[in-house]
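Worksheet for the structure shown next.
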Amino acid sequence: AQSVTQLDSHVSVSEGTPVLLRCNYSSSYSPSLFWYVQHPNKGLQLLLKYTSAATLVKGINGFEAEFKKSETSFHLTKPSAHMSDAAEYFCVVSEDSGYSTLTFGKGTMLLVSP
Amino acid sequence: DVKVTQSSRYLVKRTGEKVFLECVQDMDHENMFWYRQDPGLGLRLIYFSYDVKMKEKGDIPEGYSVSREKKERFSLILESASTNQTSMYLCASAVSGANVLTFGAGSRLTVL
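The listed protein sequences correspond, in order, to chains A and B.
Under the working numbering, the first residue of the first sequence carries the number 46, and numbering increases by one thereafter.
Under the working numbering, the first residue of the second sequence carries the number 102, and numbering increases by one thereafter.
The following block contains the structure:
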């Protein structure tokens, strides 16, 4: 069975400082891993996806994530936060490439202050 | 760009009413999904469909049903709404064999 744990429900940063959103996963197989972002009153948008190619995955808006199998982690980072990054972020794991049954984390709210 | 459109952004219904939430996608995706989103719980899968007239239960199907009469349209039905179904409902679609979802903007349902 697969599961995902987002270690922080809220993260607060100042504009211009680095962002780190933490995610640990559990999977019996080689998983696919994703980060989605949800801005207020919007649907979820794919930030990036890992599918067993390069362990460092680059996404949109300057975000990237590193797959570390030994630590079962897939943390999301950005060197310098922007006010527009304030949103909720979801880490997602999938063992199945067929019918797209995904397991979502509970989300991390990123707050960015001026 | 793929578009997933949820026709109602905000609904307020009374306990016991029948509620229809409609979702339409315009990119010929085979798979469609309904999720429920609650604070602190993330997204939970209610039902999904991999073809017209086909449906599969997700993690929390109780109190819900779905209909997929056309490939582009996937409806979520609450036969008798209850207050614990007050939530944000998200529709998504995906190409068959792919696990990247495209989401609609959501329908926020309040049941009084």
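All C-beta atoms in this analysis are idealised placements derived from N, C-alpha and C, irrespective of residue type, glycine included.
Checklist entry - Rounded to whole angstroms, how far is the Cβ of residue 79 (chain A) from the Cβ of residue 94 (chain A), which I believe are closer than 8 Å? => result 5 Å
Checklist entry - For residue 120 (chain B), which residues of its own chain have a beta-carbon under 6 Å away from its beta-carbon, when the five flanking residues on both sides are left out? => result For residue 120 (chain B), where only same-chain residues beyond five positions count, the Cβ hits under 6 Å are 114, 179 and 182.
Checklist entry - Since residue 201 (chain B) is in the beta strand (DSSP E), which residue starts that stretch and which ends it? => result Taken as a continuous stretch (DSSP letters only), residue 201 (chain B) belongs to no beta strand (DSSP E), as it is neither H nor E.
Item to check | Against chain B: residues of the region 89-122 of chain A by CB proximity under 7 Å | outcome: 89, 91 and 94
Item to check | Buried versus exposed call for residue 133 (chain B) [16 or more other C-beta atoms within 10 Å across all chains shown] | outcome: buried
Item to check | Limits of the unbroken beta strand (DSSP E) element including residue 133 (chain A) | outcome: 132-139
Checklist entry - At a CB-CB cut-off below 9 Å, which residues of chain A make contact with residue 206 (chain B)? => result 86, 87 and 88
Checklist entry - Counting Cβ pairs, one atom from each stretch, are 3 or more of them under 8 Å apart for the region 102-116 of chain A and the region 46-63 of chain A? => result no
Next on the checklist: Could you check whether residue 150 (chain A) and residue 50 (chain A) sit closer than 8 Å to each other, using their CB atoms as the reference points?
Outcome noted: yes
Checklist entry - Is residue 184 (chain B) helix, strand or coil when you go by DSSP? => result helix
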